[in-house]
Each structure stands twice: as C-alpha cells, then as structure tokens.
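Colleague: Residue numbers (our numbering): 24 to 389. We put the beta carbon where it would ideally sit given N, CA and C, even for glycine.
(1) Within the chosen definition, does the segment 206-214 reach the segment 357-375 through at least 3 CB pairs nearer than 8 Å?
(2) Considering only residues of the segment 175-216, which uninterrupted beta strand (DSSP E) runs meet the minimum length of 3 residues and lie entirely inside it, listed in chain order?
(3) Any idea what DSSP makes of residue 159, helix, strand or coil?
(4) How far does the beta strand (DSSP E) with residue 378 in it extend, from its first residue to its last?
(5) With a Cβ-Cβ cutoff of 9 Å, do residue 331 and residue 325 count as a contact?
(6) Which same chain residues end up closer than 8 Å to residue 31 when comparing Cβ atoms and leaving out the 5 residues on each side of it in sequence?
(7) How close, in whole Å, do the beta carbons of residue 186 and residue 379 come, if the pair is a contact with beta carbons under 8 Å?
(8) Over what stretch of residues does the alpha helix (DSSP H) that includes residue 278 continue unbroken?
(9) For residue 254, count neighbouring C-beta atoms within 10 Å of its own C-beta (all shown protein chains included) and say buried if the count is 16 or more, exposed if not.
(10) Of the choices 170, 156 and 196, whose alpha-carbon is the least far from that of residue 134?
(11) How close, in whole Å, do the beta carbons of residue 317 and residue 168 come, if the pair is a contact with beta carbons under 8 Å?
(12) With a Cβ-Cβ cutoff of 9 Å, do residue 184 and residue 165 count as a contact?
(13) Who are the near neighbours of residue 327 in its chain, counting only those whose CB is closer than 6 Å to its CB and skipping five residues on each side?
(14) Classify residue 94 as helix, strand or coil using the three-state DSSP reduction.
(15) Residues bridged to residue 27 by DSSP?
(16) Taking the straight line between their C-alpha atoms, what separation do you get for residue 213 and residue 72?
(17) Mind checking residue 94: buried by the 16 CB within 10 Å criterion, or exposed?
(18) Among 260, 282 and 126, which has the Cα closest to the Cα of residue 235?
(19) Starting from residue 39 and walking both ways along the alpha helix (DSSP H), at which residues does that stretch end?
(20) In whole angstroms, what is the alpha-carbon distance linking residue 289 and residue 195?
(21) Can you round the beta-carbon distance between residue 136 and residue 175 to whole angstroms, since I take them to be within the 8 Å contact cut?
(22) Using the Cα positions of residue 132 and residue 29, report the straight-line distance between them to the nearest angstrom.
(23) Three-state secondary structure (DSSP) at residue 344?
(24) Look at the Cβ atom of residue 218, then the Cβ atom of residue 258, and state whether they are nearer than 9 Å.
(25) What is the DSSP secondary structure of residue 227, counted as helix, strand or coil?
(26) To the nearest angstrom, report how far apart residue 287 and residue 303 are at their CA atoms.
(27) Could you give the C-beta distance for residue 222 and residue 179, rounded to a whole number, given that I count them as a contact under 8 Å?
(28) Shortest alpha-carbon distance to residue 57 belongs to which of 294, 120 and 46?
This is the structure:
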C-alpha cells in the first residue's frame with residue numbers, strides 16, 4: 024500500500040500529531056508499505072525508509088506576529104493557516120506521489136486530497152466545528168478520544184476511535200545523564216515538567232503562579248515555544264534562577280526529561296488527545312492537571328486533578344505528586360499503559376486503511 028500523510032510539521036521536537044505520524048510511518052514501512060510524508064518543516068530524509076517531501080510554507084510563528092490576520096481569521100488556528108500556505112505546492116506534489124490513500128490533519132490538506140480524488144482519511148481534532156462540511160466528503164474520520172466519537176457519530180459521520188500511542192521503553196542511565204547535563208537539570212530537589220505550545224489555550228501562566236508559592240523547594244522546566252513565550256518569561260523574572268525554558272527539544276530527549284523530573288503538569292483548557300500527558304504517565308510520573316474530560320479519560324485512575332486557577336491548591340497538588348511516587352509495578356498499571364503502545368496503534372490504522380480501500384464504494388459502519 025502506498026500511504027501519504029500530510030502535515031505542516033514533521034520535526035521530532037514539534038507537536039503531538041507530528042510525533043504520532045513519525046512513529047506510525049516507521050511502523051508502516053516495517054510492515055512493507057511505501058510511506059510518503061508531505062510536510063513544511065522536518066528532516067530532509069529519514070533513515071528508516073520513510074520518504075519525506077518538503078513543501079514551501081509560511082511558518083505559524085509569522086502568523087503569531089500578525090494580529091490583524093489572526094483577528095480576521097479568528098476561528099482558524101495557526102496550524103491551519105500554515106497548511107493553507109502549502110496549497111499551491113502541495114497539489115502537484117501529491118498528484119505526483121499518486122498514493123493509494125491519504126491521511127490528513129488539517130482542512131487545506133484534506134481539500135487538496137479530495138480535489139485530486141484520492142481516498143482520504145482525516146484525523147479530527149477537538150472543537151473543529153468549521154470542518155463539518157469537509158467531514159461529509161472524506162472516507163473516514165479518525166478521532167483520538169470518545170467525546171468527539173459520540174458527537175460526530177450522532178451527526179451521521181463515518182468515524183472511528185483510535186487512541187494515540189506512547190513509546191514504552193527503558194532509557195539508558197548514560198543518556199539520562201547526558202540530557203541532564205545538556206539542559207542543566209539539577210539532581211536534587213523537586214523538578215516539575217510542563218511541555219506545551221506556549222499559547223493562551225495551554226494556560227501555563229497558572230502553573231507559574233502556583234510554582235511561585237513553592238519555588239524555594241522546586242525547579243520548573245517548561246518546554247515549548249509560541250506567542251506566549253515572552254510574557255511567560257516576564258512572569259518568571261523574580262524567580263528566573265528556578266525556571267528553565269527549553270525549545271525544540273528532540274523527542275528522545277523529551278522522554279528523558281520525563282524520567283528526570285518528578286511530576287508533570289499541563290493546565291490547558293482542553294486537549295485533542297494530550298500525547299505528553301500519556302508520555303508522562305508511561306514514564307511513571309504523576310500528572311497534575313485540571314479535570315477536563317479528555318484528560319480524565321486518558322489518565323483514568325492515575326491523574327491528580329485540581330482547580331488550576333487556585334494557586335494555593337495547585338501548588339499543594341504539585342508538592343503531593345512530587346513526594347508520593349506512582350506505583351508502576353502493579354499489573355493494573357502496566358496493563359493500562361500497554362494499551363497505548365505505538366505498535367498496537369499503528370496496526371489499528373493499517374486495518375482501517377485496508378477496510379476503507381476495500382469498501383470505499385459501500386456503506387459501512389465502524
């Protein structure tokens with residue numbers, strides 16, 4: 024099968040969708056499939072057989088600096104604007120690849136695939152109401168959490184639930200020490216980690232306000248970039264020796280940071296899936312967050328939920344999580360985390376791809 028996935032970013036340090044496509048594509052190649060990634064940012068080539076075709080585009084960081092455009096297109100997130108900028112170059116590249124099936128994430132990518140008549144499966148992201156018309160035209164919508172599944176099914180769309188995965192592996196102590204040294208992560212004291220695109224929806228300012236109450240006992244590591252970065256750094260002026268800001272951290276080092284820190288926290292208003300949350304949990308770390316539905320679904324019995332808008336309660340929850348280790352040795356925990364292995368998830372995708380191609384002209388119910 025010749026599979027083509029399209030995304031604006033394919034770098035290992037970028038967002039959850041990009042990281043997911045990285046793992047999925049590698050597994051599909053191992054299973055004997057031909058895989059193309061059409062992207063704006065990312066490596067020029069991959070050693071594992073995944074074929075990467077770079078497409079000119081305008082990075083979201085430039086849209087972040089253009090408030091007039093953002094105000095005019097307020098309903099479109101900047102990653103959609105990135106994809107729109109790819110369209111003139113995307114169409115001829117996609118036509119040349121001539122895939123058996125196209126996997127898309129954003130509205131412009133999907134429009135391009137449909138325009139060329141390819142079987143198209145779209146990964147939906149929560150809250151994307153402006154995509155409803157395009158949902159009618161794709162062969163299948165894939166969602167990563169049950170709330171979107173129920174909502175879209177009730178509207179009559181063809182939809183399938185496939186969870187995102189996490190890499191479950193041991194990390195060599197020597198590599199952990201290398202990462203610790205590279206990013207100046209202290210050996211002693213409480214270390215709190217947060218990984219996110221730094222925009223208003225992630226609400227990292229709530230975490231900083233809570234951290235200020237316990238900063239004498241802890242260090243805060245914030246990984247990410249985005250339009251809120253400078254404002255967040257200004258918030259940390261009085262505690263700058265206790266806060267470490269990092270950006271463009273390769274994914275293998277992200278996994279090491281999870282191991283090196285004591286607790287993970289993400290106070291975002293909502294998540295389409297929250298890959299970093301599951302990576303933290305699979306690393307054996309408590310996750311302190313707000314009781315948002317997707318997060319409650321993901322963390323099951325293992326999350327510590329708190330009102331993140333209350334700095335005192337939030338800081339107390341962080342301290343509790345850092346000083347009460349998660350029991351990762353029990354069979355129940357291991358069984359739960361194993362549900363999210365990339366190998367299992369990638370095979371689910373392949374099964375769906377085959378069924379869509381076999382039954383494209385039929386009415387089917389997933």
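Modeller: Straight from the coordinates:
(1) Counting Cβ pairs under 8 Å, fewer than three are found: no touch.
(2) For the segment 175-216, the full-length beta strand (DSSP E) segments reaching 3 residues or more read 182-184 along the chain.
(3) Look at residue 159 here: in three-state DSSP terms it is coil, with no helix or strand label.
(4) That residue, residue 378, is in no beta strand (DSSP E); its alpha helix (DSSP H) goes 365-381.
(5) Taking 9 Å as the Cβ cut-off, residue 331 and residue 325 do not qualify as a contacting pair.
(6) When the five nearest sequence neighbours on each side are left out, the beta carbons in the same chain lying within less than 8 Å of the beta carbon of residue 31 are those of 62, 63, 64, 80, 83, 102, 105, 106, 109 and 129, in order along the chain.
(7) With 8 Å as the limit, residue 186 and residue 379 do not qualify as a contact, their Cβ atoms being about 19 Å apart.
(8) DSSP places residue 278 inside the alpha helix (DSSP H), whose first and last residues are 274-283.
(9) By the Cβ neighbour-count rule, residue 254 is exposed, with fewer than 16 other Cβ atoms within 10 Å of its own.
(10) Answer by Cα proximity: 156.
(11) Here residue 317 really is in contact with residue 168; their C-beta atoms are around 5 Å apart, less than 8 Å.
(12) Going by C-beta atoms, residue 184 is nearer than 9 Å to residue 165.
(13) Here the set comprises 309, 311, 340 and 344.
(14) Residue confidence for residue 94 is low, a pLDDT of 45 falling below 50, so the modelled location carries little weight and cannot support an answer.
(15) Note: residue 27 sits in a beta bridge opposite 59 and 125.
(16) Taking the straight line joining both Cα atoms gives about 41 Å.
(17) Because residue 94 sits at a pLDDT of 45, beneath the cut-off of 50, its placement in the model cannot be relied upon, and the point is left open.
(18) The shortest Cα separation from residue 235 among 260, 282 and 126 belongs to 260.
(19) Per DSSP, residue 39 belongs to the alpha helix (DSSP H) from 39-53.
(20) Rounded to the nearest angstrom, the two C-alpha atoms are 26 Å apart.
(21) Not quite, the Cβ-Cβ distance comes to about 19 Å (not below 8 Å), so this is no contact.
(22) If you take the alpha carbons of residue 132 and residue 29, they lie about 7 Å apart.
(23) Residue 344 falls in the helix class under three-state DSSP.
(24) Cβ distance not < 9 Å, so residue 218 and residue 258 don't count as in contact.
(25) Note: residue 227 maps to helix in three-state DSSP.
(26) For the pair residue 287 and residue 303, the Cα-to-Cα distance works out to about 6 Å.
(27) Not a contact, Cβ separation roughly 33 Å.
(28) The shortest C-alpha separation from residue 57 is found at 120.
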